[in-house]
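Peer 1: Residue numbers (our numbering): 3 to 118.
Backbone N, C-alpha and C fix where the C-beta goes; we use that ideal spot for every residue, glycine too.
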Ligand code: DGP
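Shown next as structure tokens:
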């Protein structure tokens, strides 16, 4: 799929609307359209990276920004004290359905383990 057709690239460009909760020049965070917990936010890089499997050493700073954005949003959502789950689904067996790297921030309820 070309980046022009990528769903999350289109959300990052503003072409497709989303409930954006944070954005800067590097990352965008918006509410998942099909939430699996009271708080379910996706944190994505603005520029296209297909998955963690295709990330390069040069993406290290960006990946750190994504994680730290999730931690900051957890505080803002009031879920940091009780805890939360951060998930990067990667590839077919990982359950990745949108092929633009995204970190799920899930919280507001107790999570089970192991995941399905
Ligand atoms: P994954 O299965 O890990 O690739 O997660 C993709 C997530 O993206 C899934 O939880 C649903 C969400 N999603 C899919 N399409 C849209 C959309 O158009 N808008 C928003 N906000 N979320 C979407």
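1. Measure the beta-carbon distance from residue 72 to residue 88 and round it to whole angstroms, keeping in mind my assumption that it falls under 8 Å.
2. Going by alpha carbons, who is nearest to residue 30 out of 41, 64 and 55?
3. Going straight from the alpha carbon of residue 62 to that of residue 68, what length do you get?
4. Using the C-alpha atoms, what's the distance from residue 44 back to residue 20?
5. Identify, in the order they occur along the chain, each residue of the same chain with its Cβ nearer than 6 Å to the Cβ of residue 113, setting aside the five sequence neighbours on each side.
Peer 2: So, from the data block:
1. About 5 Å separates the two Cβ atoms, so the contact holds.
2. 64
3. 10 Å
4. 11 Å
5. 87
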